[in-house]
Amino acid sequence: MPNRVVSTVHALVVGLFCLYILLFDDAIKKDPVWGDPTLVKLNVGVTTGYLISDLLLMVYFWDLIGEKYFVAHHLAALYAYYYVLSQGILPYFANFRLLAEFSTPFVNQ
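The working numbering puts the first residue of the sequence shown at 33, with every later residue one more than the last.
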């Protein structure tokens, strides 16, 4: 499956899940800074898995799709999401940030 298809599917799934969490998840509303909502961890976990797989593809096919700025972007996101997953820090903001994934299908054309 082409990388752009996987990227688009990931973006749509994660983006829709973000909207659901922001609108209906009481755990995120209760404590958006230090809370530890399960649904946000699931969403960030899915994104972390995608980022790792995409990073490995970039490294493996460096001559075709390698780009140092994409690698830096993926590493920075993984660094931030590590704290969301391990410490439960800023879950609301991590989830809100993931709403930007809705722009991915338009970029992948």
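Every residue, glycine too, gets a C-beta built ideally from N, C-alpha and C.
Nothing here was measured: the structure is a model prediction, and the numbers come from that model.
Kindly indicate which three-state DSSP category P64 falls into: helix, strand or coil?
-> Translated into positions along the sequence shown, residue 64 becomes position 32. It is coil, neither helix nor strand.
Assumed close pair C50, L110 - CB separation to whole angstroms, cut-off 8 Å | Indexing the sequence shown from 1 puts residue 50 at position 18. Indexing the sequence shown from 1 puts residue 110 at position 78. The C-beta distance from C50 to L110 rounds to 18 Å, too long to meet the 8 Å contact threshold.
In whole angstroms, what separates the C-alpha of Y115 from that of D63?
-> As a first step, residue 115 is located in the sequence shown; it is residue number 83 there, counting from the start. As a first step, residue 63 is located in the sequence shown; it is residue number 31 there, counting from the start. About 16 Å.
Whether A59 touches T136 by CB criterion (8 Å) | Within the sequence shown, the letter at position 27 stands for residue 59. Within the sequence shown, the letter at position 104 stands for residue 136. Contact: no.
Can you list, in chain order, the residues of its chain whose CB lies under 6 Å from that of Y124, leaving out five sequence neighbours each side?
-> On the sequence shown, residue 124 is found 92 positions in, with the first residue counted as 1. Excluding sequence neighbours, Y124 sits near I60, P64.
Secondary structure of L107, DSSP reduced to three states = Here residue 107 refers to the residue found at position 75 of the sequence shown. In this structure, DSSP gives L107 a helical state, which the three-state scheme calls helix.
Rounded to whole angstroms, how far is the Cβ of F134 from the Cβ of G47, which I believe are closer than 8 Å?
-> Numbered from 1 along the sequence shown, position 102 holds the residue referred to as residue 134. Numbered from 1 along the sequence shown, position 15 holds the residue referred to as residue 47. Indeed, because the Cβ distance is near 4 Å, the residues count as touching under 8 Å.
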